[in-house]
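**Q** Structure incoming, see below.
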Amino acid sequence: MPALQIALALVFPAVANWLAEHNKAAKVLGPVVLCYGAGILFGNVGLPLNSNVSMEISSTAVPVAIPLLLFSSDVRKWLGLARPLLISFALACISAVAASAMVGLVFRSRHDEWWKIAGMLVGVYVGGTANMSAVGLALEVKNETFLLVSTSDVVTGGVYLLFLLSLGQRLLLKVLPAFVPQEGAAEHVELPAGSGLTQANLKPLLLAFGLTALILGVSLGVSQLLFGATNAPFVLVTITTLGIVASLSDRVRNLAGAYDLGEYALFVFCFAVGSMADVSQLAGTSPVIFFFVLATMVLAVALHVLLSRAFRLDVDTTIICSTATIFGPAFVGPVASALKNRQLVGPGITLGLAGIALGTYFGLFTSWTLHALFP
Numbered sequence: 000m001p002a003l004q005i006a007l008a009l010v011f012p013a014v015a016n017w018l019a020e021h022n023k024a025a026k027v028l029g030p031v032v033l034c035y036g037a038g039i040l041f042g043n044v045g046l047p048l049n050s051n052v053s054m055e056i057s058s059t060a061v062p063v064a065i066p067l068l069l070f071s072s073d074v075r076k077w078l079g080l081a082r083p084l085l086i087s088f089a090l091a092c093i094s095a096v097a098a099s100a101m102v103g104l105v106f107r108s109r110h111d112e113w114w115k116i117a118g119m120l121v122g123v124y125v126g127g128t129a130n131m132s133a134v135g136l137a138l139e140v141k142n143e144t145f146l147l148v149s150t151s152d153v154v155t156g157g158v159y160l161l162f163l164l165s166l167g168q169r170l171l172l173k174v175l176p177a178f179v180p181q182e183g184a185a186e187h188v189e190l191p192a193g194s195g196l197t198q199a200n201l202k203p204l205l206l207a208f209g210l211t212a213l214i215l216g217v218s219l220g221v222s223q224l225l226f227g228a229t230n231a232p233f234v235l236v237t238i239t240t241l242g243i244v245a246s247l248s249d250r251v252r253n254l255a256g257a258y259d260l261g262e263y264a265l266f267v268f269c270f271a272v273g274s275m276a277d278v279s280q281l282a283g284t285s286p287v288i289f290f291f292v293l294a295t296m297v298l299a300v301a302l303h304v305l306l307s308r309a310f311r312l313d314v315d316t317t318i319i320c321s322t323a324t325i326f327g328p329a330f331v332g333p334v335a336s337a338l339k340n341r342q343l344v345g346p347g348i349t350l351g352l353a354g355i356a357l358g359t360y361f362g363l364f365t366s367w368t369l370h371a372l373f374p
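Given below as structure tokens:
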């Protein structure tokens, strides 16, 4: 059964991708939600799935996903972006850290892993799901906590995404100025490595996967030499750092399909995590973590908007930076389309990749700082 379970986790993301491309309802939900949902369904219909196998799959998928997602990042382009975008991105990161810390302190007496949860939420609200998972794995968060934070993030994030795609721009225009288009700016830019998982890209995909395996091997090897064991925080930080270093190479950055392969690994993670969720147990669990996540997201967004108003940043720039940090680069295009502003797609994707590069660092720093100051 473990072999069948692994095969199911590896194959279903392909089904989710196909559904998202060919079905309108599935496209709205997206592969991430489909994989979480399918995992929960398969894990609760009586199939003999082993939670330990699911945990191994999820723990393996994240370190594989991180370098592949980072290969498309171009660090040198970050400082070349327009000043308002850089300011808004910085404010979004500051808001995520501040909100997670403040809410974490409020919930300090209500959950023994509050400081770990705060770091995980910084990871996801600066970078994305991969960063949240990396922080959780590095801090050895309990399985139950990991599941509840992941599930709560999907629910709250889904509601916020619907808000951005519908009423967000109109409501925020009441407190933020309108966007002023720049002449000569590019109207549309695709993800740097967004050519897809096709047979034509087999060679670059194999190269990307091989480089990822090398990065994982080096990280694990150095950890063994320094600590005599696999030190999770060290390994995940090293993987992230080496992924960024590799992205400095034009050849690595232009490996067709590398980003898509990283997303696929992330979908595998989502399916595996969903399959560990026992609905009967989750329903009877205290809602503390859900309200922890909800309060953090609401406060992070509110702080970002207030700071944007103080710095006189326009509504579209604020929304795109919020999307890039909270949801990641893949969601920038759909939100920009809803805003009828294709000019910010390219910069938004660049900032989304920057968030993935920084999210794990910021998340671990927040957790360790909170734990040191408030043990």
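Quick note: the sequence shown, position 69, residue 68 per numbering that gives the first Met the number 0, numbers continuous.
Positions of the beta carbon are idealized from the N, C-alpha and C atoms, including for glycine.
Take SER53 as the anchor and find which of MET275, VAL314 and VAL153 has the nearest alpha-carbon.
**A** Checking every option, the nearest Cα to that of SER53 belongs to MET275.
**Q** Counting Cβ pairs closer than 8 Å, one from the region 353-369 and one from the region 133-145, do we hit at least three?
**A** The region 353-369 is in contact with the region 133-145.
**Q** From GLY220 to SER149, what distance separates their C-alpha atoms?
**A** Near 30 Å, if we compare the C-alpha coordinates of SER149 and GLY220.
**Q** For THR155, which residues of its own chain have a beta-carbon under 7 Å away from its beta-carbon, when the five flanking residues on both sides are left out?
**A** Correct list, in chain order: VAL292, LEU293 and MET296.
**Q** With DSSP collapsed to three states, give me the class of ASP152.
**A** The answer is helix: DSSP assigns ASP152 an H, G or I state.
**Q** Between ILE351 and GLY127, is the Cβ-Cβ spacing less than 9 Å?
**A** According to the sequence provided, residue 351 is Gly. The question's Ile does not apply to it. Result yes, Cβ atoms of GLY351 and GLY127 sit closer than 9 Å.
**Q** Given a cut-off of 9 Å on the beta-carbon distance, is the pair THR359 and GLY122 in contact?
**A** Yes, they are a contact pair.
**Q** Count the other CB atoms, across all protein chains shown, that sit within 10 Å of the CB of LYS115; report buried if there are 16 or more and exposed otherwise.
**A** Buried, because 16 or more other Cβ atoms sit within 10 Å of the Cβ of LYS115.
**Q** Rounded to whole angstroms, what's the CA-CA distance from SER194 to ARG107? Just pull it up for me.
**A** The predicted position of SER194 is uncertain, since its pLDDT is 46 and thus under 50; a value taken from the coordinates is nonetheless stated next. The straight-line gap from Cα to Cα measures roughly 45 Å.
**Q** Do VAL125 and LEU357 have their C-beta atoms closer together than 9 Å?
**A** Against a cut-off of 9 Å, the Cβ pair of LEU357 and VAL125 comes out as a contact.
**Q** Suppose the cutoff is 6 Å on Cβ atoms and the five residues either side in sequence are ignored; what does the same chain contact list for VAL272 look like?
**A** Once the five neighbours on either side are set aside, the close Cβ partners of VAL272 are SER57 and SER149.
**Q** Whole angstroms is fine: what's the gap from ASN253's alpha carbon to GLY362's?
**A** Computed Cα separation, rounded: 28 Å.
**Q** Relative to the C-alpha of PRO333, which residue among ARG82, LEU160 and ASN230 is closest?
**A** Checked all of ARG82, LEU160 and ASN230; the closest Cα to PRO333 is LEU160.
**Q** State the Cα-Cα distance for the pair LEU164 and VAL300, rounded to the nearest angstrom.
**A** Approximately 15 Å between the Cα atoms of the pair.
**Q** May I have the straight-line CA-CA distance separating THR59 from VAL174, to the nearest angstrom?
**A** So the two alpha carbons sit approximately 44 Å from each other.
**Q** By Cβ distance, which residues of its chain are closer than 8 Å to TYR35, with the 5 residues on each side in sequence left out?
**A** Answer for TYR35: SER149, THR150, VAL153, CYS269, PHE270, VAL272 and GLY273, listed in chain order.
**Q** Output needed for ALA264: all residues of its chain with C-beta closer than 6 Å, excluding positions within five of it in sequence on either side, in chain order.
**A** Result list for ALA264: ALA60, VAL63 and ALA64, in chain order.
**Q** Thinking just about the alpha-carbon of each residue, which of PHE289, THR316, ASP277 and LEU201 is nearest to the one in LEU40?
**A** Selected option, being the one with the closest Cα: ASP277.
**Q** Looking only at its chain, what residues have a beta carbon closer than 8 Å to the beta carbon of ILE288, apart from the 5 residues adjacent to it on each side?
**A** For ILE288, where only same-chain residues beyond five positions count, the Cβ hits under 8 Å are HIS110, ILE116, THR144, LEU147, VAL148 and SER151.
**Q** If we ignore side chains and look at the alpha-carbon of each, how far apart do HIS370 and VAL96 end up?
**A** So the two alpha carbons sit approximately 14 Å from each other.
**Q** Leaving out five residues before and five after ASN230 in sequence, what residues of the same chain have Cβ atoms less than 6 Å from its Cβ?
**A** Result list for ASN230: SER222, in chain order.
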